[in-house]
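Below is one structure, written out as structure tokens; the observations come after it.
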Amino acid sequence: MAQKRRNGEEGDEMTGREKKKLKINAARTITVQPTSQHASGSAGPSNANAGAKSSLPTVIDVEKFFEARAFEIDAMHTAMKTASASSTHRVWQTLPRHLRRRAASHDVRRVPLRLRDRARAEMDPIRKKALGRSAPKLGKGKGASRTESFLKRQRDKTWLETHLWHAKRMHMENLWGYRLAVSPTEKSYRPSHRASVHGSILHDASYYSLYEIKGPEEALVTLLDLCCDPQGPGPGSKRYLNGSRILETYIYNVGSYPYGLVSPMTVMWRPRLSVSPERNISGPSGSQKGKEVESAKTSDIRSAWLRFHPSVQTAVFDTLKEATSRSLSLYKTCHSQEAAVEVADLRGQLNVFEIVGPKSSQVIKGALSSVPSEKSKEFLQFWRSLTNLQSSGSNPRGMIIGFKVNDPRLNFPPKNAKPAAIPSKSVPPTEITLPSANLANSEIWDESTRNGLSKPRFKKKDIDARRAKNDIPGTALNALRQDDCIPILLIQRSMETPNSSDNNGLHGWTLILPAGWSMAFFSSLIYTSTRVAGQLERQTQAYEAGTTYFPRDYPGTEPYELYAKDRESKEMETWERKPPAKRVNFEKLGIVNPWKSNWEKVLGITGQDGEDEDAFVTSQREPVPTPENDAYAKIKPWLLRGSELPRILSNLSSVFNVSAALLSEVNRLRLKRGHQILSADVNGAQLLHGALVNVKITMCSRGTPQDLAEIFIMSDDLLRHWERYLQTRTLGGVADEDHPDELELASRIPPKRSIIGHVTTGHYSLARGEGFAIGAIVLARLMELEQQTTRLHPNQKVKNPPMLVVMRNIDGCQCRVARLQVLLDA
1 MAQKRRNGEE
11 GDEMTGREKK
21 KLKINAARTI
31 TVQPTSQHAS
41 GSAGPSNANA
51 GAKSSLPTVI
61 DVEKFFEARA
71 FEIDAMHTAM
81 KTASASSTHR
91 VWQTLPRHLR
101 RRAASHDVRR
111 VPLRLRDRAR
121 AEMDPIRKKA
131 LGRSAPKLGK
141 GKGASRTESF
151 LKRQRDKTWL
161 ETHLWHAKRM
171 HMENLWGYRL
181 AVSPTEKSYR
191 PSHRASVHGS
201 ILHDASYYSL
211 YEIKGPEEAL
221 VTLLDLCCDP
231 QGPGPGSKRY
241 LNGSRILETY
251 IYNVGSYPYG
261 LVSPMTVMWR
271 PRLSVSPERN
281 ISGPSGSQKG
291 KEVESAKTSD
301 IRSAWLRFHP
311 SVQTAVFDTL
321 KEATSRSLSL
331 YKTCHSQEAA
341 VEVADLRGQL
351 NVFEIVGPKS
361 SQVIKGALSS
371 VPSEKSKEFL
381 QFWRSLTNLQ
391 SSGSNPRGMI
401 IGFKVNDPRL
411 NFPPKNAKPA
421 AIPSKSVPPT
431 EITLPSANLA
441 NSEIWDESTR
451 NGLSKPRFKK
461 KDIDARRAKN
471 DIPGTALNAL
481 RQDDCIPILL
491 IQRSMETPNS
501 SDNNGLHGWT
511 LILPAGWSMA
521 FFSSLIYTST
531 RVAGQLERQT
541 QAYEAGTTYF
551 PRDYPGTEPY
561 ELYAKDRESK
571 EMETWERKPP
581 AKRVNFEKLG
591 IVNPWKSNWE
601 KVLGITGQDG
611 EDEDAFVTSQ
621 REPVPTPEND
631 AYAKIKPWLL
641 RGSELPRILS
651 NLSSVFNVSA
661 ALLSEVNRLR
671 LKRGHQILSA
681 DVNGAQLLHG
691 ALVNVKITMC
701 SRGTPQDLAE
711 IFIMSDDLLR
721 HWERYLQTRT
731 LGGVADEDHP
741 DELELASRIP
751 PKRSIIGHVT
761 TGHYSLARGE
771 GFAIGAIVLA
781 RLMELEQQTT
791 RLHPNQKVKN
801 PPMLVVMRNI
811 DGCQCRVARL
821 QVLLDA
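Start counting the sequence shown at 1; every next residue gets the next number (the UniProt record's numbering).
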């Protein structure tokens, strides 16, 4: 068949499809050696009378045989390699993943030298200009600059300073007014977990909101007491007031505790300056040092930073505005004089990096170099300890260190600090630095200093030009007098649960630096094989550490409702795109809303299904609100959290009237912070049946919990059967009539009235090697679980016997047994 002609032209020029076909055929052709080059001898077969036995050699010389067939063997290997490469891969696709770049697909110089010939042949030919003309070029001032084009793309969201680095390597999404990295484009779930446990992993958390409050110390303490969690030490305690540690707390609407939870919040006081002749805190001149110390003695004006999640920016501002108004009124009443409190939004003025892992201390020590003026004994002791520090968890929790560092670009590329070798039988030396106000002080608190450092004095090309003049290539540059000295804050950071036996806590550092220096520090910190985490990796760190993550694990808050609604719409859309035969039949499984947890039904605010004739009868001694009484409509969901949660639960379990005891505990905490007791409209029964408690759930046998899974309380009979099975499984017994197997027990699904909560985060835990979940249950049903465990084990010698529940995933028809524990705050 003759080739088709295009547009009536002659068929002398082949199409691209024909060229590709010829290329593949040539790649799959095995080269044949000419007949004249065949080696003669006994190693090869005879051409004459090939079928006769007399023509076959009696002995084959293996060495000569392979020499004669060397060309054919080599041609076969070459053809196999060429055929597979030409048909499925291009040259740049054969490189290892860490060497692949988008530029390598069209730039030959980006490919290793040994592959450039093949890459050059695979490159697309240069397209000829249409009619010999090129597109007109815009004048020098007519086109938009690179900066203007980037600003134009940020009209409805904000980019971080590290946006371009992340956008090339990670999936990006619009979240909370920012364009943030969600997860890397490469497979990195397990490597990221290993980095947080055995190495180091970095996350750019500059998107977090930051407010600065400034005013009289007494007014600020009153302001924070009005809106912070009353449990544990308050913002005005000596532990935090001197500025040596951060306070991890929760912010509530003013006067609404325990209702009105807004979000977790970090409070950081500006350190009080004290006379310290060993440390120069005001730069090289030292002339300002005495004035600052004197002013600190004569004035009580303080500053504090409040750091919180960006999703509650407006809610926190409204809360602070109301709390400020009340605190100033109280201050005027007590002192008979007016005062002023300033609330400033510091977004865009500071950058924050979170680095987690046991090697994070060595990464920071290798990437940063402190200025010679930092000569205090406390700082030098801390700086020396970073080299051999096995984990930042060895330091006091929330410890703050403030100091100055040289431009990290001068010391690029950095090298991690190497810990000293320790003999196996000896105990590693511990050199712990205690927190203090002098150690925590930093010039980064000064707004004028931050504004002066908003743009580096020297560009990267200037630094590279200085480095090119070094006699020895690769040596670090010496810091000159005109080089920038950047003040930073280093804060100890831990994700752990107190009194936990699994020991899965993660420890690291939080690095705060001025705006404009993000990429300079970021490049040095990640150069030494430190992985970079997105939103999913940060969530996974909290999950593996067994701690809650905001807003995913905080039901009852507005950000959680927005998160749940967005997730519901996405998963519903995914489910509806599938044909009926390829999607889960939730109607058959009895799941009313499979994409969102119905907390109102769990709490009893809405009516129950009418299918529960054999529903589990609770042993709760309190009057349960029903639709017939007024208390039913007044139940409000709220989350019971805080450092005093173990003591509160212990008091509730030891009294007969649980609702009255809970009301008494809440009023005690309110009076502790100067609030009035709850109004008479709120009674103990409403408070008890609207309370949720975060729990952690570990599977006892098989099964992996999923998000939104249902948590059931079992009847006494079913609980005994599960306990017998677990005991038989531990002893290696065999199931019988009295001891049913797991499959039979898993098929017994409790009624809908037995649902006590839902899983907010659940899947397979790499740190534990089994299914693990974090969820929330009703406080009243938690009391029932404790009563059930005590009733069935009256002679139990263990102080806190494990509470057993069963869980059912929304796409499953079996229930799995699990151990339930209350999740405590650090």
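Idealized CB from N, CA, C, for every residue including glycine.
- Taking T185 as reference, the option from M170, L175, N174 and K634 with the minimal CA-CA separation is M170.
- In this structure, A344 lies away from L220, with their beta-carbon atoms at least 8 angstroms apart.
- With a contact defined as Cβ atoms closer than 8 angstroms, G508 and V267 miss out at about 20 angstroms.
- Judged by their CB atoms, M519 and E148 are not nearer to each other than the 8 angstroms cut-off.
- The three-state reading of DSSP puts Q706 in coil, since its state is none of H, G, I, E or B.
- Taking the CA atoms as reference points, A465 sits about 38 angstroms from K187.
- R781 has its alpha-carbon roughly 19 angstroms from the corresponding atom of P258.
- With 16 or more other Cβ atoms inside 10 Å of its own Cβ, L202 counts as buried.
- Check the Cα spacing between V666 and each of W92, F656 and A691: the tightest is with A691.
- At least 8 angstroms separates the beta-carbon of L489 from that of S454.
- Nearest Cα to L328 within the set K321, T319, D318 and A339: A339.
- Distance from the CA atom of A195 to the CA atom of W176, rounded to whole angstroms, is 27 angstroms.
- Apart from sequence neighbours up to five positions away, the residues of its chain that approach I526 with a beta-carbon distance below 8 angstroms are L202 and V532, ordered along the chain.
- Under the DSSP assignment, E770 falls outside any alpha helix (DSSP H), being part of the beta strand (DSSP E) whose first and last residues are E770 to V778.
- The shortest CA-to-CA distance from L380 to any of S360, G393, G402 and G398 is the one to G402.
- DSSP lists no beta-bridge partner residue for Y725.
- In the DSSP assignment, the residues bridged to T698 are F772 and R819.
- Nearest to L439 by alpha-carbon distance, out of Y250, R270 and C815, is R270.
- With fewer than 16 other CB atoms across the displayed protein chains lying within 10 angstroms of its CB, A420 is exposed.
- Beta-bridge partners assigned by DSSP to R808: E710.
- The way I'd put it, the stretch 240-255 does touch the stretch 430-437; three or more beta-carbon pairs between them come closer than 8 angstroms.
- Looking at the backbone, the Cα of G812 and that of L589 are separated by about 8 angstroms.
- Within the same chain, N242, G243, A296 and A437 come within 7 angstroms of R272 by CB-CB distance, once the 5 residues on both sides are set aside.
- In the three-state DSSP reduction, Q539 falls in the helix class (H, G or I).
- DSSP links W575 through a beta bridge to no other residue.
- The alpha-carbon of S206 is positioned some 41 angstroms away from that of L113.
- By the 16-neighbour rule on beta-carbons within 10 angstroms, E354 is buried.
- Cβ-Cβ distances below 7 angstroms link A746 to Q814, C815 and R816 in the same chain, with the five nearest sequence neighbours on each side left out; the list follows chain order.
- Within the same chain, Cβ atoms closer than 7 angstroms to the Cβ of Q541 are found at S196, V356, M495 and L506, the five residues on either side in sequence being excluded.
- K672 and P580 have their C-alpha atoms some 58 angstroms from each other.
- Collapsing the DSSP output to three states places L380 in a helix.
- In the three-state reduction of the DSSP assignment, A304 falls in the strand class.
- Looking at the backbone, the Cα of M803 and that of K636 are separated by about 26 angstroms.
- For L649, the enclosing alpha helix (DSSP H) covers residues L645 to S653.
- K696 places its beta carbon 8 angstroms or farther from that of Q535.
- Nearest C-alpha to L261 among V312, L368 and G215: V312.
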